[in-house]
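Take the position in the sequence shown, starting the count at 1, then add 4; the result is the number in the working numbering. What follows is a single structure, written as structure tokens, with notes after it.
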Amino acid sequence: MVNHVENLYNYHVWANQRIIDHLKTLSPEKYQKEMKSVFSSVSKVLSHIYLVDYGWLNILEGQNMNEAMQFSLQLQEKIEKLPIEDLEMEFHTLSTRFKSFLKSQEDIEKRIMLDNPWASLRETSLSEMILHVVNHGTYHRGNISAMLHQLGDSSVMTDYAFYWYSDNVIHQK
5 MVNHVENLYN YHVWANQRII DHLKTLSPEK YQKEMKSVFS SVSKVLSHIY LVDYGWLNIL
65 EGQNMNEAMQ FSLQLQEKIE KLPIEDLEME FHTLSTRFKS FLKSQEDIEK RIMLDNPWAS
125 LRETSLSEMI LHVVNHGTYH RGNISAMLHQ LGDSSVMTDY AFYWYSDNVI HQK
């Protein structure tokens, strides 16, 4: 049986894929169009979601937060320049790593000390960090949706309740 944290992560992957599938229907010019918004382009928001997920997975796997975030920053220019099809492959590789990590955990509620260089030390659980990854993605998919409307396009439904009825959810009894 899949636990709630795994199911929420699976939702995150599903929602990202729905957005990516929709963004692939845009012209590359529209996908990368500079605009006045929370981010300077839709492509940069999607790259940001990837880079933050990447950093948090490295933290979950034991890297300290400062190193993980620095490594993500080093990847930023490369990731931001990728065509959406290549970024989609990066997301797929990352989600495979993430799911392997989740499956390998005997105690998803295990507590660790998180040393945030922009805040302070904080004890937290693995599950709480994963919930943050999911929440962060939801927030920024909302940015993408708003930016698409600014560009005169529509977005796609990525609500969690919509996910419940998709073919991708693992139904629990």
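Cβ atoms here follow ideal geometry from the backbone N, Cα and C, with glycine treated the same way. Bear in mind that the values here come from a model prediction, so they are computed numbers and not experimental data.
Closest to V22 by CA distance: which of D157, Q154, R145 and M39 is it?
Taking the sequence shown and counting its residues from 1, one reaches residue 22 at position 18. Note on identity: in this sequence residue 22 is Arg, with Val being the wrong assignment. Comparing Cα-Cα distances from R22 to each of D157, Q154, R145 and M39, the minimum goes to R145.
Excluding the 5 residues flanking H26 on each side, which residues of the same chain have their C-beta closer than 6 Å to its C-beta?
Along the sequence shown, read from residue 1 onward, the residue named residue 26 stands at position 22. The answer, listed in chain order, is V160.
Quick one: using the 10 Å Cβ neighbour count with 16 as the cut-off for buried, is S131 buried or exposed?
Here the question's residue 131 lines up with position 127 in the sequence shown. Buried, by the Cβ-count rule.
Where the alpha helix (DSSP H) containing L55 begins and where it ends:
Translated into positions along the sequence shown, residue 55 becomes position 51. Taken as a continuous stretch (DSSP letters only), the alpha helix (DSSP H) holding L55 covers V46 to L64.
What three-state label does DSSP hand S31 in the structure shown?
Looking up residue 31 in the sequence shown gives position 27. S31 falls in the coil class under three-state DSSP.
W18 to K103, Cα distance in whole Å?
Working through the sequence shown from its first residue, we reach residue 18 at position 14. Working through the sequence shown from its first residue, we reach residue 103 at position 99. Those two C-alpha atoms are separated by around 13 Å.
Neighbourhood of S44 by C-beta, 7 Å cutoff - its chain only, sequence neighbours within 5 removed:
For the purposes of this step, residue 44 is taken as the residue at position 40 of the sequence shown. Contacts found: E38.
If you drop the 5 nearest sequence neighbours on each side, which residues of the same chain put their C-beta closer than 7 Å to that of I112?
In the sequence shown, residue 112 corresponds to position 108, counting from 1. Excluding residues within five positions, the ones whose Cβ falls inside 7 Å are N7, V9, L130 and S131.
Return the chain-ordered list of same chain residues with a C-beta closer than 7 Å to the C-beta of V55, the five sequence neighbours on each side being excluded.
As a first step, residue 55 is located in the sequence shown; it is residue number 51 there, counting from the start. Contrary to the premise, residue 55 reads as Leu rather than Val in this sequence. Around L55: S76, L79, Q80 and I83.
How is I148 classed by DSSP in three states: helix, strand or coil?
Numbered from its first residue, the sequence shown carries residue 148 at position 144. Residue state, collapsed to three classes: helix.
Considering only the beta carbon of each residue, do V49 and N139 sit closer than 7 Å?
Within the sequence shown, numbered from 1, the residue matching residue 49 stands at position 45. Within the sequence shown, numbered from 1, the residue matching residue 139 stands at position 135. Against a cut-off of 7 Å, the Cβ pair of N139 and V49 comes out as no contact.
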